[in-house]
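According to full-length UniProt numbering, the residues represented by the sequence shown are 1 to 449, in order. Glycine residues also receive a C-beta, built at the ideal position from the N, C-alpha and C atoms. Remember, predicted model here, so these are calculated numbers, not experimental data. Below: the structure, in C-alpha cells.
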Amino acid sequence: MAAALLSLGTHFKEELSCSICLELFTRPKMLPCQHTFCQDCLQDHAGRGGTFQCPICRRQVRLPPLGVAGLPDNLMAANMCERLKQQTTMMAETREQPKSDNWCCSSHPSKPTDTAVPVLGHVTVQSLPSAPIPAALYTSLHGAASGTGHHHGNQREHQPQKVTFGGWGSETGQFMNPLGVAVSDEGEIFVADGRNQRIQVFTLQGTFIRLLETVVSGEEKISPDDVAMGGEGNLWVVGSTDDSADFEFAVQYTKQGRVLSKFDLQKTRWVRGVAVDTRRNHILITQTTGDWHNRKGEVLVFRPDGTLVRTVGGKRKSLLVSLLSSRQQGMKFPQYITVDRQGNILVSDQDNNCVHVYSEDGQFLFQFGSEGSCEGQLNNPRGICTDRAGNIIVVDRGNSRVEMFDKTGKFLKHIATDINRPLAVAMATQGQLVITDYGDQKVSIFQNI
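Here is the structure:
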C-alpha cells in the first residue's frame, strides 16, 4: 500500500502539476503543442498579446478570439485532478480520526515519530508506520482539495532535491571564491573560480569536465568576477589582473578557453557582473565607483568590440527623466545582472537591498524588495536569473536563502534555505538551478524547483 501511494505521489508530481505554479492543475488548458497549464497561469504568462511562447517548448502560440479561455480544456487532466481531490478529502477525514497514536504530520511535533525518509524525491518527512498516506503527499493534495491558495500556496517551504560538490582548495573540483556561474544550452556548468584564476566546467550531475585558465595575453591572467554565455555559445568573463585590480577586462573565450576578444574596463576595484543580450549581441557589465560609504552604480552596455552603446541606471540626464523615474532608487552596488527572454535588464543592488528592472533600451520599469527577512524582503541580494516562465530568482545572501518572485516582483516562494552563504545563480535550459556557496566554497544543483 505504501509503495502504491509513493508511486501515486510521483505520478501526481510529474503529470498533474502545472509547470508554471508547480501545483495541481486548476482549469487545465491545453496548447497546440499538447503541453497543459492552469488557465490563470496561462493568462498571467500570455498577458494581453495575441501570441506567446509555450513555457516548456517555446513554440509560438496564437490565442483564439476568446483569449486563454478559448483554448481547449484538458478534460482528462481535470478529471484526474478532481478524483485526486476527492480521494484526498476522504484520506484527510480518515487521518483526522484519533485511531492511532503512531504517526503525526509535521505540524504536530509533540507526538513521537521514527526516522526521516525522503518522499516525492525532494521532501523529507517523518516515517509513519501506520499512516494511511505519506505526510508530504497528504500536504500537497490536501492543499489542492481544500482550496488553500492555488497560486503558490504550498510552495513557500519547498525544498528541491540537490547535488552538492566542491570545497575549499585549488585542486580540480575545488574552489577559492566561486563568484559566478553560467550554464550552456548543452548543460555544461561554468563556474568562475576567482582566486584560482580559472573557469571550471562540470556536468549537471556535478561531474568535473575540464578547466579553462582565464588568460588575457601571454601568461597574464585575470581573477574572474563573473561569467555569462554569449549568443554563439562562447563565454564572456569579467575580472581583474590581481588582488590590487590594476587592470580590469571583459574577455570573450571559446568554451575550450581560447581568447577571442577583449576590451579594457575602467579601474574601479569593485567586483562586477556580466550578462549578454543575445538578441542584440550586447554585453552588459555592472560597474560601481566611489568608496565604501558613497558607492554609486550603473550598467554599461557594450558591443563585442568594446564600443559603449549606453549607460543604464546612472545619472539622470534631464528633469523629465527624473520625474518619470520618481519611483526609482539610484543604484549603489549592482554586482549581478541578467537579461530575461523579453530583453529586460534585471540588476540586484546589494546596498539598496532591491532589484532594479529596466527595459531592453535602458528605461526604468520598476524595482522590488526592501531590507529585511520577511517574505519579499532582501538582505544583501546577489546572484539573479530568470526561469523559462519569466519568474525571477534572487540570491538573498544576508538571509542565507534563494527566493523566487514572479515577473512583476511579487514574492512566490523560498527555493533554498539551507545554503551557508549563497552567491551566484544560473538556470539551466533543462530546468535545474545552479547556486554557488561562498561560505562552504561549494556548488549545488537543484532539481525540479
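task: Please name the residue or residues paired with LEU348 in a DSSP beta bridge.
output: According to the sequence displayed, residue 348 carries Ser and not Leu. When DSSP reads this structure, SER348 sits in a beta bridge with VAL355.
Limits of the alpha helix (DSSP H) - the one that GLN39 falls within: GLN39: member of the alpha helix (DSSP H) spanning 39-46, first to last residue.
field: For CYS81, the three-state DSSP class (helix, strand or coil)
entry: Three-state result, CYS81: helix.
task: Put GLU188 into one of helix, strand or coil per three-state DSSP.
output: Coil.
message: Alpha carbons only, please: which of LEU212, ARG397 and TYR336 is nearest the one belonging to THR386?
response: Check the Cα spacing between THR386 and each of LEU212, ARG397 and TYR336: the tightest is with TYR336.
- request: Would you list the residues sitting across from ILE199 in a DSSP beta bridge?
  value: ILE199 pairs with ALA192 and LEU212.
query: Which one of ILE445, GLY314, PRO178 and PHE247 has the shortest CA to CA distance from PHE333?
result: Closest in C-alpha terms to PHE333, from the list ILE445, GLY314, PRO178 and PHE247, comes GLY314.
query: With C-beta atoms as the reference, is residue 467 less than 8 Å away from GLY273?
result: This structure does not reach residue 467, given that the chain is present from 1 up to 449, and the question cannot be answered.
- prompt: So, helix, strand or coil for VAL271, using DSSP?
  reply: DSSP, reduced to helix, strand and coil, places VAL271 outside both helices and strands of the structure shown, so it counts as coil.
- prompt: What are the complete beta strand (DSSP E) segments, minimum 3 residues, inside the region 366-415?
  reply: Whole beta strand (DSSP E) segments, 3+ residues: 381-386, 392-396 and 401-405.
Element boundaries [beta strand (DSSP E), containing LYS262]: Note, LYS262: beta strand (DSSP E), 259-265.
Own chain partners of GLY230 with C-beta closer than 6 Å, once the 5 adjacent residues on each side are dropped: By the criterion of a C-beta distance shorter than 6 Å, GLY230 is surrounded in its chain by TRP236 and VAL276, once the five residues flanking it on both sides are discounted.
- prompt: Mind checking whether GLN252 and LYS221 have CB atoms under 8 Å apart?
  reply: Here GLN252 is not near LYS221, since their CB atoms are 8 Å or more apart.
field: Rounded separation between PRO55 and THR288 - CA only
entry: In this structure, the CA atom of PRO55 is about 35 Å from the CA atom of THR288.
task: From the DSSP output, in three-state form, read off GLY431 for me.
output: If DSSP states are grouped into helix, strand and coil, GLY431 belongs with coil.
message: Under DSSP, the beta strand (DSSP E) around PHE165 begins and ends at which residues?
response: Its beta strand (DSSP E) spans residues 162-166.
message: My assumption, with CB atoms under 8 Å, is that PRO224 sits in contact with ALA192. Please give the rounded CB distance.
response: Taking a contact as a CB-CB distance under 8 Å, the pair PRO224 and ALA192 counts as one, their CB atoms being some 4 Å apart.
field: Proximity of ALA424 and GLY398 at Cβ, strictly below 8 Å
entry: Against a cut-off of 8 Å, the Cβ pair of GLY398 and ALA424 comes out as no contact.
message: Once DSSP output is grouped into helix, strand and coil, what is the label at GLU15?
response: Note: GLU15 maps to helix in three-state DSSP.
- request: Have a look at LYS407 and ASN391 and give me their C-alpha separation to the nearest angstrom.
  value: Between LYS407 and ASN391, the C-alpha separation is close to 5 Å.
- request: Would you decide whether TRP270 is buried or exposed? Buried here means 16 or more other CB atoms lie within 10 Å of its CB.
  value: TRP270 is buried by the Cβ-count criterion.
field: Cα-Cα separation, MET80 to LEU16
entry: Within the model, the alpha-carbon separation for MET80 versus LEU16 is close to 8 Å.
- prompt: Among VAL61, MET404 and THR36, which residue has its Cα nearest to the Cα of ASP73?
  reply: It is THR36 whose Cα lies nearest to the Cα of ASP73.
message: Assuming the contact rule is C-beta atoms closer than 8 Å, GLN68 and GLN43 should be a hit. Round their C-beta distance to whole Å, please.
response: Residue identity differs from the one stated: residue 68 is Val in this sequence, not Gln. That pair is a contact at about 5 Å.
message: So, at 8 Å on beta carbons, what are the nonlocal neighbours of ARG27 in its own chain, with the 5 sequence-adjacent residues on each side left out?
response: Same-chain partners within the cutoff: CYS38, GLN39, ASP40, ASP73 and ALA78.
Cβ neighbours of GLY257 in the same chain (closer than 7 Å, five flanking residues each side left out): Here GLY257 has LEU212 and GLU213 as same chain residues with Cβ atoms under 7 Å from its own Cβ, once five neighbours each way along the sequence are excluded.
message: Looking only at its chain, what residues have a beta carbon closer than 6 Å to the beta carbon of LEU31, apart from the 5 residues adjacent to it on each side?
response: In chain order, CYS54 and VAL61 place their CB closer than 6 Å to the CB of LEU31, counting only its own chain and leaving out the 5 sequence neighbours on each side.
- request: Mark LEU308 as exposed unless 16 or more other C-beta atoms lie within 10 angstroms of its C-beta, in which case mark it buried.
  value: A residue is called buried when at least 16 other Cβ atoms come within 10 angstroms of its Cβ; LEU308 does not meet this threshold and is exposed.
field: Residue of VAL355, MET404, THR429 and VAL394 minimising C-alpha distance to PRO422
entry: Minimum Cα distance to PRO422 is reached at VAL394.
message: Less than 8 Å between the C-beta atoms of ILE345 and LEU284, yes or no?
response: Yes. Within cutoff.
task: Taking 8 Å as the cut-off, decide whether the C-beta atoms of ILE445 and GLY187 are in contact.
output: Against a cut-off of 8 Å, the Cβ pair of GLY187 and ILE445 comes out as no contact.
Residues of its chain near ASN420, where Cβ-Cβ distance is below 7 Å and the 5 sequence neighbours each way are ignored: Hits under 7 Å: SER400, ASP437, GLY439 and ASP440.
query: Using DSSP with H/G/I as helix, E/B as strand and the rest coil, what is LEU63?
result: Reduced to three states, the DSSP call for LEU63 is coil.
message: Going by beta-carbon coordinates alone, are CYS354 and SER370 separated by less than 8 Å?
response: At the C-beta level, CYS354 and SER370 come within 8 Å of one another.
query: In terms of residue numbering, what span does the beta strand (DSSP E) encompassing ASP225 cover?
result: Start and end: 223-229.
query: Out of curiosity, what's the CA-to-CA distance linking TRP292 and ASP351?
result: The straight-line gap separating the alpha-carbon atoms of TRP292 and ASP351 is approximately 10 Å.
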